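Here's the structure we're looking at; comments come further down.
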Amino acid sequence: MRTLCLCLQRDAAPSVAENFLTFSPRVHYRAPGLVFLDITSTAKLFGGEQNLMNEAVQVSKEFFPETVAAISDSPWGAQVLANEKPGAISLPAHEINDLSQAPLSRLHQLEGLIAWRSSQEIENIIDFFHGIGIHRLNQIRKFQIDSFRERWKETGTLVWKRLHGLDKQVISPLLPTEAVQDYVYLDFPVSLLPFLLHCLEQSVKRLFARLQGRGEYARRMIINLFCEYSEKVHVIELEPASPNRNQELFMKLLENKLADVNLDNPIKQIEVEVVPCPEKIHQLSFFEPRVSDREKMEQLVSVFHQARLTTGFLRPQDEIWPEDGWRVTPEFEDYEPIEDSVEVEGQSFQIRPAYSAALNQSPRPSRLLKKPRALSKTELDRLQFLSSQPIERLEDSWWESSRGRDYYFAISPKQEFLWIFYDRIENQYYLHGYFD
Amino acid sequence: MATLASVEQINKLKRELGPRLLSSEQVQPPPGVPTGWNKLDRFLLWHGFPKSSVSLMLTEAGGATSLWLRSAALVTGHGQWAAWVNDSATSLTAWSLRARGVDLSRFLYVSPPHDERQRLWVLQELMSLSLFELIGCDLGEWAPKDHHILKLKSQASRFQTSLVLFSRKTPQRLSSFYSLVLHFQKKEVCVIRALHRPTPTTLERSDLYADTLPLLAAGRRALCR
């Protein structure tokens, strides 16, 4: 088994292992700050073990800048190598040779997935061998297993087995089940927006790195800001138009939301939770830009949606009333005009005419009033009607309390081209739009 | 009549300075977004709405929306994006956009912002995306101040966008930060401000409605069937 060991050099939450799921499904975290990956079958996908290690170290250094790594045949071998020769790759079946010149003190790192029961026991072993003039790992390999067992019992047996590559450790697949949450306690409560955003940015970064490893998108983000006094909590919810993992977008949404939050009561603790969903996987063309126009648009729609602005694409609808003639959709939906249909049954056929088909060709003003405005007698007298007969008569179904409208074109004294209707129930003229 | 000496002098200057001179192909006017109204495009230095600038259309007798929609149809027809920020009183209709040939898949609609502050924010967000070639915004009753226009202008310049503002109200004092100001009057369109052009200049607006008439005729045919 080829194993990559990443020494993060400081303790971390076990969930950090999720960051590395992109490199292998078999990942194991062991405190303090050791991540083991079984890369036997995945190294070739990254162009070799060296490339995979470089990428994994790069990911790790985002949060743990002092990370060191090494690859070997066993988890304990990789751990020793990572400390002895950071960045080293031991070729298959060369592990014992590569470790032979390591000092005896490296026995402390000869652990792998299972840590030593007590570091004192290992210290005793090292002291004993130093006492008889043995200082390298290859020198103690010459002793029999019985000698180790008699003197140091189970620990001695395990040391001998590991030195001879006989302790089998298997890295199981990691199934991410932990909630995507982050908690921050601030020693100095924050009441300035830029500082708060900085703290939140780190949390969001950590969570998004986990999402990346899990192959998930953030559907919603819930942020609880715990204030220092009066147990006040600000709850902020962010929900983009479509799930994504765009940290920039979430920070923007967050900034907009936080602009309305009163920070007079300083923030002491922060809890960030992400509601994930599986990511959409699609193959990008080599010539396609990484951030497509559609993605930019989705981001914008999300930002405006949060600000309670209806944003999107206009889609015409086959409705009789002009004010219902379109709707706004967050994603573009193509409009297909309705047409007459022909039904064939055996020897006979029936034509089903689409009665409203002509609607999509009828003239509609460029500007429509939100609400038709009733015209006074004086206003009406000043208008110049372009026809004595209505241009268009719109009638809803009689059972739906139809009002019935007769539409006319007219020119205002200012030479505006108007769209006017006569309500046949109210006997009243209304201004409905402008051919602006 | 040029003397032999002066001709020699000119030839000498040509030899010396010739390589430094730019050919007419190399001198490009500042970029613009064509309006589709040839008379206006020919008159303006940008051959349309100026890019990286803010334009104002004062619409007293209508016609401004049609002109902007013509431009939007050209922009979206080339696979570029256009955006429209609505006013609370009236709304653009999808049917008229379709009739004018605007590609609705490349046209973003934004509902009326709640206040002036939000309107400015919306415009800045739209421009900062570096996606839209043309942005139209109906100001309604709002008359932006000089510093607002300056801010929008700097954004438009940074993100290479043509921002066109619509107003039904003629402001008491026109800001000098507008690059182009068109006033749609009863019988003509007055170019109140345009870079390197004599202003005010009036253009007959009769042909502005030229594209509306076939629309009405088509509608009439459809209704008579």
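Each protein sequence line maps, in turn, to chains A and B.
For the first sequence, our numbering gives the first residue as 869, with consecutive numbering after it.
For the second sequence, our numbering gives the first residue as 424, with consecutive numbering after it.
Even for Gly, the Cβ is constructed at its ideal location relative to N, Cα and C.
Values in this document were obtained by computation on a predicted structure and should not be read as measured data.
DSSP places Gly500 (chain B) within a helical segment (H, G or I) once states are collapsed to three.
In the structure shown, Asp1035 (chain A) falls within a coil segment according to DSSP collapsed to helix, strand and coil. Approximately 7 Å separates the beta-carbon atoms of Val1048 (chain A) and Leu1079 (chain A); this is inside 8 Å, confirming the contact. Linking Leu1043 (chain A) to Lys1010 (chain A) through their CA atoms gives a straight-line distance of about 41 Å. Contact of Lys953 (chain A) with chain B is not assigned, every C-beta pair being separated by 8 Å or more. Within the model, the alpha-carbon separation for Pro454 (chain B) versus Asp464 (chain B) is close to 12 Å.
One finds Ser1234 and Arg1235 in chain A with Cβ atoms closer than 7 Å to the Cβ of Leu515 (chain B), taken in chain order.
Remark: three or more beta-carbon pairs, one from each stretch, lie closer than 8 Å, so the segment 1111 to 1122 of chain A and the segment 1080 to 1088 of chain A are flagged as touching. The three-state reading of DSSP puts Ala1047 (chain A) in coil, since its state is none of H, G, I, E or B. Between Gly459 (chain B) and Phe607 (chain B), the C-beta gap is not smaller than 8 Å, which leaves the two residues out of contact. With respect to the 8 Å criterion, Ile994 (chain A) and Ser973 (chain A) are classified as neighbours on the basis of their beta carbons. Neighbours of Leu1182 (chain A) in chain B, taken as residues whose beta carbon is under 8 Å from its own, are Leu515, Ala517, Leu520, Leu527, Phe530 and Tyr532 in chain order. Cβ proximity to chain A below 9 Å picks out Gln541, Trp544, Val545, Glu548, Leu549, Leu552, Ser553, Leu554 and Asp561 from the segment 541 to 570 of chain B.
Of all residues in the segment 469 to 489 of chain B, the ones placed with a Cβ closer than 9 Å to any Cβ belonging to chain A are Thr482, Glu483, Ala484, Gly485, Gly486, Ala487, Thr488 and Ser489, in chain order.
By the neighbour-count definition (other C-beta atoms within 10 Å, threshold 16), Asn887 (chain A) is a buried residue.
Under the Cβ criterion of 8 Å, Ala1278 (chain A) is not counted among the residues facing chain B. No Cβ-Cβ contact shorter than 8 Å links Gly441 (chain B) with Pro457 (chain B).
When the five nearest sequence neighbours on each side are left out, the beta carbons in the same chain lying within less than 7 Å of the beta carbon of Tyr601 (chain B) are those of Val477, Ser478, Leu479, Ile572 and Arg616, in order along the chain. By the 16-neighbour rule on beta-carbons within 10 angstroms, Lys474 (chain B) is buried. In the DSSP assignment, Trp1194 (chain A) falls within the beta strand (DSSP E) that extends over Trp1194 to Thr1197. Taking one beta carbon from each stretch, the segment 492 to 500 of chain B and the segment 1200 to 1218 of chain A have fewer than 3 pairs nearer than 8 Å; the two do not touch. For Leu492 (chain B), the chain A residues whose Cβ falls inside 8 Å of its Cβ are Ser1234, in order along the chain.
Contact of Gly1193 (chain A) with chain B by beta-carbon distance below 9 Å involves Thr516, Ala517 and Trp518. For the pair Ser1040 (chain A) and Pro1134 (chain A), the CB atoms are not nearer than the 8 Å cut-off. Within the segment 1110 to 1195 of chain A, the runs of alpha helix (DSSP H) that reach at least 4 residues and sit entirely inside it are, in chain order, 1115 to 1126 and 1161 to 1174.
Counting the other CB atoms within 10 Å of its CB gives Phe932 (chain A) a total of 16 or more, which places it among the buried residues. In the structure shown, the three-state DSSP call for Asp1202 (chain A) is coil. Residue contact check for Pro594 (chain B) against chain A: no CB pair falls below 8 Å.
Interface criterion met: the Cβ of Met1165 (chain A) is under 8 Å from a Cβ in chain B. Closest in C-alpha terms to Ser528 (chain B), from the list A:Gly980, A:Asp1202 and A:Ile1293, comes A:Asp1202. Distance between Thr871 (chain A) and Ile990 (chain A), taken at the CA atoms: about 24 Å.
Interface with chain B (8 Å Cβ-Cβ cutoff): Val1171 (chain A) is included.
Collapsing the DSSP output to three states places Glu627 (chain B) in a strand. In the same chain as Val1142 (chain A), and ignoring 5 residues on each side of it, the C-beta atoms closer than 6 Å to its own belong to Val1048, Leu1075, Ala1086 and Met1089, in chain order.
For Leu586 (chain B), the enclosing beta strand (DSSP E) covers residues Ser585 to Ser590. Counting C-beta pairs with one atom in each stretch, the segment 893 to 910 of chain A and the segment 1024 to 1041 of chain A have three or more that are closer than 8 Å, which means they touch.
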